[in-house]
Amino acid sequence: MWVWRISTLVVLNPFSNHASQADHSVGPPGGPNPWKVAMILEELYVPYNQKFIEFSDMKREPFESINPNGRVPVIEDPNTGITLWESGAIIEYLLDTYDNQHTISFTPGSKEFFEAKQWLHFQVSGQGPYFGQAVWFTRYHSEQVPSAVDRYVNEIRRVSRVLNHVLENKEYLVGGKFSYVDTAFVPWYGIVQAFFSEKIDLENEFPRLNSWLSHVKARPATTKVNEARLVAIGQA
Ligand SMILES: N[C@@H](CCC(=O)N[C@@H](CS)C(=O)NCC(=O)O)C(=O)O
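Here the sequence shown stands for residues -22 to -1, 1 to 214, numbered as in mature numbering (1 follows the signal peptide of the UniProt record, and there is no 0).
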């Protein structure tokens, strides 16, 4: 049997230049976006190699020739010769290329296909950047700006309210089955649990969201990647 081989250039320590040693030992240094891609690769059983890159190397050549935006994740796929950055685009590429049976995606053109895209776009534009700014203003900004912290922590609450509400009567976001969009939200909630548990009590404030997250986090693919992440950040 011919096995798909993908060589994935990902991850990280993207915050290593901003964080103090103390921050390093307690906080997850690896940003969530590369781990999201790794979870989808695991769900699809696509073999991959994961590479780590220091923050300083992301902002110069040769990495900037691969991603002029100087961020991770990036994938290089030797099966197709395609190199891509932006986690949403990468996930769509992986599904189009390696999920022909639609095990974690939906038939192109169907209602569910477009709804799943809607949630993916919400994740990459509505969850990632806002949760990321909450982390930035709480931990890395050069001065304390309480109004900025409030603004972005409240955005975590707002996005969580949206998810909690739509999950009121369903197990998964789209089509009554587990799909890639359920996984896409998991890594940033890991950051919420690590950094904001004193401000936001997911279990009590957003019980439906919390049980959905627990369910998706228990999947073998998610568990495996979360364990790899703990090893990578020295917290295994
Ligand atoms: N919109 C991008 C965001 C990528 C991003 O910000 N990645 C973080 C790690 S999760 C990073 O590279 N940070 C480095 C930096 O802030 O320069 C995506 O979804 O791929």
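Note that CB positions come from ideal geometry on N, CA and C, so glycine has one too.
Here the structure is a predicted model, which means the values were calculated and not measured.
| Count the other CB atoms within 10 Å of the CB of asparagine 142; is the residue buried (16 or more) or exposed (fewer)? | In the sequence shown, residue 142 corresponds to position 164, counting from 1. Asparagine 142 comes out buried.
Pick from Val170, Gly154, Arg207 and Ala172: whose alpha carbon is nearest that of alanine 90?
-> The count along the sequence shown starts at 1 and reaches residue 90 at position 112. The residue asked about is misnamed: residue 90 is glutamate in this sequence, not alanine. The candidate whose alpha carbon is nearest that of glutamate 90 is Gly154.
**Prompt:** Secondary structure at threonine 61, three-state DSSP: helix, strand or coil?
**Reply:** Here residue 61 is taken as the residue at index 83 of the sequence shown, counted from 1. In this structure, threonine 61 counts as strand in the three-state DSSP scheme.
Review point. Where does isoleucine 31 sit, in a helix, a strand or coil, going by DSSP?
Key: By one-based count along the sequence shown, residue 31 stands at place 53. Coil at isoleucine 31, not helix or strand.
- [ ] Please work out which residues of its chain come closer than 7 Å, Cβ to Cβ, to valine -20, disregarding the five sequence neighbours upstream and downstream, and give them in chain order.
- [x] Taking the first residue of the sequence shown as position 1, residue -20 is located at position 3. Low per-residue confidence applies at valine -20: pLDDT is 38, beneath 50, and the placement is therefore not dependable, though the value from the model is reported in the following sentence. The answer, listed in chain order, is Pro25.
Residue span of the beta strand (DSSP E) that contains isoleucine 53, given as start and end:
Position 75 of the sequence shown, counted from the start, is the residue given in the question as residue 53. Per DSSP, isoleucine 53 belongs to the beta strand (DSSP E) from 52 to 55.
| said: One question on the structure: do lysine 195 and valine 144 come within less than 9 Å of each other, judged by their Cβ atoms? | reply: Numbered from 1 along the sequence shown, position 217 holds the residue referred to as residue 195. Numbered from 1 along the sequence shown, position 166 holds the residue referred to as residue 144. The Cβ atoms of lysine 195 and valine 144 lie no closer than 9 Å to each other.
**Asked** Cβ of lysine 29 within 8 Å of any heavy atom in ligand 1?
**Response** In the sequence shown, the residue the question calls residue 29 occupies position 51. It does not: the Cβ of lysine 29 is nowhere closer than 8 Å to a heavy atom of ligand 1.
Whose CA, out of Asp35, Trp13 and Asn188, lies closest to the CA of asparagine 27? Against the sequence shown, residue 27 aligns to sequence position 49. Among Asp35, Trp13 and Asn188, the Cα nearest to that of asparagine 27 belongs to Trp13.
Requested in this report: Determine the direct distance from the alpha carbon of alanine 67 to that of glycine 48, and round the result to whole angstroms.
Outcome: For the purposes of this step, residue 48 is identified with residue 70 of the sequence shown, where counting begins at 1. For the purposes of this step, residue 67 is identified with residue 89 of the sequence shown, where counting begins at 1. Computed Cα separation, rounded: 16 Å.
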